[in-house]
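So the sequence lines, in the order shown, correspond to chains A and B. According to the UniProt record's numbering, the first sequence is numbered sequentially starting from 1. According to the UniProt record's numbering, the second sequence is numbered sequentially starting from 1. Glycine is no exception: its CB is placed at the ideal position from the N, C-alpha and C atoms.
Number of protein chains: 2
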Amino acid sequence: MYIPTYDDMLDAHVRIAPHIRCTPVRTSDYLNELAGCQLFFKCENFQEPGAFKVRGAANAVFGLNEGQAKKGVATHSSGNHASCLSYAAMLRGIPCNVVMPRTAPQAKKDTVRRYGGKITECEPSTTSREATFAKVQAETGGDFVHPYNDPRVIAGQGTCSKEFMEQTGGLDMVVAPIGGGGMISGTCLTLSKFAPETKVIAAEPEQADDAYRSFKAGYIIADDAPKTIADGLLVPLKDLTWHFVSNHVTEIYTASDQEIIDAMKLIWKHLRVVMEPSSAVPLATILKQPDAFRGKRVGVIITGGNVDLDKLPWMLGS
Amino acid sequence: MYIPTYDDMLDAHVRIAPHIRCTPVRTSDYLNELAGCQLFFKCENFQEPGAFKVRGAANAVFGLNEGQAKKGVATHSSGNHASCLSYAAMLRGIPCNVVMPRTAPQAKKDTVRRYGGKITECEPSTTSREATFAKVQAETGGDFVHPYNDPRVIAGQGTCSKEFMEQTGGLDMVVAPIGGGGMISGTCLTLSKFAPETKVIAAEPEQADDAYRSFKAGYIIADDAPKTIADGLLVPLKDLTWHFVSNHVTEIYTASDQEIIDAMKLIWKHLRVVMEPSSAVPLATILKQPDAFRGKRVGVIITGGNVDLDKLPWMLGS
Numbered sequence: 001m002y003i004p005t006y007d008d009m010l011d012a013h014v015r016i017a018p019h020i021r022c023t024p025v026r027t028s029d030y031l032n033e034l035a036g037c038q039l040f041f042k043c044e045n046f047q048e049p050g051a052f053k054v055r056g057a058a059n060a061v062f063g064l065n066e067g068q069a070k071k072g073v074a075t076h077s078s079g080n081h082a083s084c085l086s087y088a089a090m091l092r093g094i095p096c097n098v099v100m101p102r103t104a105p106q107a108k109k110d111t112v113r114r115y116g117g118k119i120t121e122c123e124p125s126t127t128s129r130e131a132t133f134a135k136v137q138a139e140t141g142g143d144f145v146h147p148y149n150d151p152r153v154i155a156g157q158g159t160c161s162k163e164f165m166e167q168t169g170g171l172d173m174v175v176a177p178i179g180g181g182g183m184i185s186g187t188c189l190t191l192s193k194f195a196p197e198t199k200v201i202a203a204e205p206e207q208a209d210d211a212y213r214s215f216k217a218g219y220i221i222a223d224d225a226p227k228t229i230a231d232g233l234l235v236p237l238k239d240l241t242w243h244f245v246s247n248h249v250t251e252i253y254t255a256s257d258q259e260i261i262d263a264m265k266l267i268w269k270h271l272r273v274v275m276e277p278s279s280a281v282p283l284a285t286i287l288k289q290p291d292a293f294r295g296k297r298v299g300v301i302i303t304g305g306n307v308d309l310d311k312l313p314w315m316l317g318s
Numbered sequence: 001m002y003i004p005t006y007d008d009m010l011d012a013h014v015r016i017a018p019h020i021r022c023t024p025v026r027t028s029d030y031l032n033e034l035a036g037c038q039l040f041f042k043c044e045n046f047q048e049p050g051a052f053k054v055r056g057a058a059n060a061v062f063g064l065n066e067g068q069a070k071k072g073v074a075t076h077s078s079g080n081h082a083s084c085l086s087y088a089a090m091l092r093g094i095p096c097n098v099v100m101p102r103t104a105p106q107a108k109k110d111t112v113r114r115y116g117g118k119i120t121e122c123e124p125s126t127t128s129r130e131a132t133f134a135k136v137q138a139e140t141g142g143d144f145v146h147p148y149n150d151p152r153v154i155a156g157q158g159t160c161s162k163e164f165m166e167q168t169g170g171l172d173m174v175v176a177p178i179g180g181g182g183m184i185s186g187t188c189l190t191l192s193k194f195a196p197e198t199k200v201i202a203a204e205p206e207q208a209d210d211a212y213r214s215f216k217a218g219y220i221i222a223d224d225a226p227k228t229i230a231d232g233l234l235v236p237l238k239d240l241t242w243h244f245v246s247n248h249v250t251e252i253y254t255a256s257d258q259e260i261i262d263a264m265k266l267i268w269k270h271l272r273v274v275m276e277p278s279s280a281v282p283l284a285t286i287l288k289q290p291d292a293f294r295g296k297r298v299g300v301i302i303t304g305g306n307v308d309l310d311k312l313p314w315m316l317g318s
């Protein structure tokens, strides 16, 4: 297991800078007052493909040597990693093969195809996904870029916190959602060196709290088919992300689905940005645990902005 | 009639800079491709009270001498001007009296009160509004800040285009929605001197096209109770804004309500910002008249971001 270093992150930033956006930081006096702390929101939903995952994807894609680049990249994902990897591959002009369950939303498939990604459908089971992916990779020779358990991906995600600290002039803590742990690991990687006094807090849905339980237990516990409105955070930690979580994360807080929806609506209304339920988990936990954040300079990473505008969570069931 | 000058705009920018945000400019490769031109979106919806109108309001409020400031300001409005003037008055710590029809949405009243504005309700008629406002002004001595037909307001709105040109390094045209014409007038004021080769295009809902018809006729024509989803654009031009529209605007384009809703959804989806139907009118007209914009560097001012998230236009009637 190769653990990416701070220098890998610096190299990644130089490599991907021409292909990503240095996203703006937004503030809201109203939300500051509500939360009792000074909030800074890093808008990774403003990346062209709408998610921070373009950082890690671009680092993997643009780090390939010419020989490997000809064969392209491959992954399995039905979320933002699939579209961000396709997007990065399109920018370099190389093939991207994505294995996706046939049950994935049509909109996700459309986005991957719009960026030139080639989709191979599998059944919605781990067995089918793994078998299908092995076949695709054998046929194409595409380099496997895991959605988060990959040192190139973690080094890429780490570039976000470097920008964030430079843009804000320093923060007491950075809060990011945790699913597989790619963004949290990148944040730990960067801040443990760049600003070791800055705490890294992970925020997780109560209904998919495997990282929280792993963190408390001291070893990886996986959820059994979790269900939450924050559907970007369903995947479990893996060895590489567990390394960063267990060594560098200060605390993991959780919030209920209703608290996540309420926080999402607050951000839409007062920051006026469109973001996913997953990206609302940090604010939900901050409002739930105000004493942990009171008076602090708190950075929040808004991880993604790809939502179905026809099915907003506060509209469902009404 | 005092016509504000370029120097008034420069003075306004110095005066209001500590109280407003230099809002970011967003781009989308997807929307560029769709429109066939290079689009730059100036996000005035990211002002703290959610609209560009804080510029003109802050210029009026912070330009008052101490004697007048004690008596505060007064206006009649049920829209963003009311909340932005209340917000600016709150920042200076002076009274703000707002006359508002009793039928105005509760959310608008709540926002004005949250910023410390004092609301006096009137009946929803011009007669009642004028009588009520005269009484309020006589009682309070508050300085009348008209929502748009005021040189201080127009000079304030003009600061937006100065930032826009500096941030983008120049544009072939700037497109903004037109209602009463405050933002368009400020844009004309600034660009006619700062970048006289840059065209100013106004965008208007077909269902409230009084500015378009006035522009074609050569004199002010007012609509009789217009109705459109772009409810920020219902008010008519007045002498001061007509001066700028008739002298400096290159063209006025219109779009239907359905085209406005479609454009709004495109911006929410691909720029990932929350904005009002009124702010979608420019993109709707650009997509409707692609030949007029093809290959150009086109600036679009996203004027405001205050919407009712429970009543989004594409959800209504479904």
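Among the candidates the options, whose CA atom is the shortest distance from the CA of residue i?
i, options, result
"LEU237/A", "ILE229/A, ILE16/A, ASP223/A and THR250/A", "ASP223/A"
"MET90/A", "GLY117/A, ARG102/A and HIS76/A", "GLY117/A"
"ALA195/B", "GLU163/B, GLN207/B and ALA208/B", "GLU163/B"
"VAL300/B", "SER128/B, PRO18/B, THR5/B and PRO24/B", "PRO24/B"
"ASP262/A", "ALA280/A, ASP310/A and ALA292/A", "ALA280/A"
"PRO49/B", "THR303/B, TRP314/B, LEU312/B and PRO313/B", "THR303/B"
"ARG102/B", "ALA292/B, TYR212/B and ASP110/B", "ASP110/B"
"ASN45/A", "ALA51/B, GLU33/B and ARG26/B", "ARG26/B"
"ASN80/A", "LYS71/A, ILE94/A, GLY93/A and PRO105/A", "PRO105/A"
"ASP8/A", "CYS22/A, ASP29/A and ASN59/A", "ASN59/A"
"TYR30/A", "ALA74/A, GLY56/A and HIS270/A", "HIS270/A"
"GLY63/B", "SER28/B, ASN32/B, HIS13/B and LYS108/B", "HIS13/B"
"ASP239/A", "GLN47/A, GLU206/A and SER214/A", "SER214/A"
"SER128/B", "HIS76/B, TYR2/B, GLU166/B and ASP150/B", "HIS76/B"
"THR228/B", "LEU34/B, PRO277/B and LEU191/B", "PRO277/B"
"ARG21/A", "SER28/B, ILE20/B and LYS53/B", "SER28/B"
Using the Cα positions of residue i and residue j, report the straight-line distance between them to the nearest angstrom.
i, j, result
"SER318/A", "GLU259/A", "Here SER318/A scores only 45 on pLDDT, less than 50, and its place in the model should not be relied on; the value that follows carries that caveat. Using only the alpha carbons, I get a separation of about 17 angstroms."
"ALA69/A", "MET100/A", "22 angstroms"
"GLU204/B", "GLY181/B", "10 angstroms"
"GLY67/A", "ARG15/A", "18 angstroms"
"GLY169/A", "ARG297/A", "10 angstroms"
"GLU197/B", "TRP242/B", "21 angstroms"
"ASN97/A", "VAL174/A", "34 angstroms"
"SER161/A", "LEU171/B", "32 angstroms"
"SER185/A", "LEU233/A", "14 angstroms"
"MET1/A", "ALA107/A", "35 angstroms"
"THR187/A", "LYS42/A", "13 angstroms"
"VAL274/A", "MET275/B", "10 angstroms"
"VAL73/A", "VAL136/A", "11 angstroms"
Counting along the chain, where does the alpha helix (DSSP H) carrying residue i start and finish?
i, result
"CYS160/B", "151-168"
"THR127/A", "126-140"
"HIS146/A", "Note, HIS146/A: premise wrong, no alpha helix (DSSP H); not H, not E."
"PHE46/A", "Per DSSP, PHE46/A belongs to no alpha helix (DSSP H) and is neither H nor E."
"ALA60/B", "53-63"
"PRO282/A", "277-288"
"GLU259/B", "257-270"
"CYS188/A", "182-194"
"ARG213/A", "210-217"
Output yes if chain B places a C-beta closer than 9 angstroms to the C-beta of residue i; else output no.
i, result
"PRO18/A", "no"
"GLY181/A", "no"
"ARG272/A", "yes"
"GLU130/A", "no"
"MET275/A", "yes"
Between residue i and chain A, is any beta-carbon pair separated by less than 9 angstroms?
i, result
"MET315/B", "yes"
"LYS42/B", "no"
"HIS45/B", "The question names His, but residue 45/B in the sequence shown is Asn. Cβ-Cβ to chain A under 9 angstroms: yes for ASN45/B."
"SER28/B", "yes"
"LYS269/B", "yes"
"PRO177/B", "no"
"GLU48/B", "yes"
"PRO236/B", "no"
On the DSSP letters alone, give me the boundaries of the beta strand (DSSP E) that residue i sits inside.
i, result
"HIS76/A", "73-76"
Any beta carbon from chain C within less than 9 angstroms of residue i's own beta carbon?
i, result
"PRO282/B", "The structure shown has no chain C; the protein chains it does contain are A and B."
contact_flag[the segment 245-262 of chain B, the segment 201-220 of chain B] where n(CB pairs < 8 angstroms) is 3 or more: Verdict: yes, contact present.
The segment 31-45 of chain A contacting the segment 118-131 of chain A, beta-carbon criterion three pairs below 8 angstroms: Segments in contact, no.
Three-pair Cβ contact test at 8 angstroms for the segment 256-270 of chain B versus the segment 132-140 of chain B: Remark: fewer than three beta-carbon pairs, one from each stretch, lie closer than 8 angstroms, so the segment 256-270 of chain B and the segment 132-140 of chain B are not flagged as touching.
Segment contact, 8 angstroms Cβ cut-off, at least three pairs: the segment 106-117 of chain A with the segment 69-86 of chain A: Touching, yes, given that three or more Cβ pairs across the two stretches are closer than 8 angstroms.
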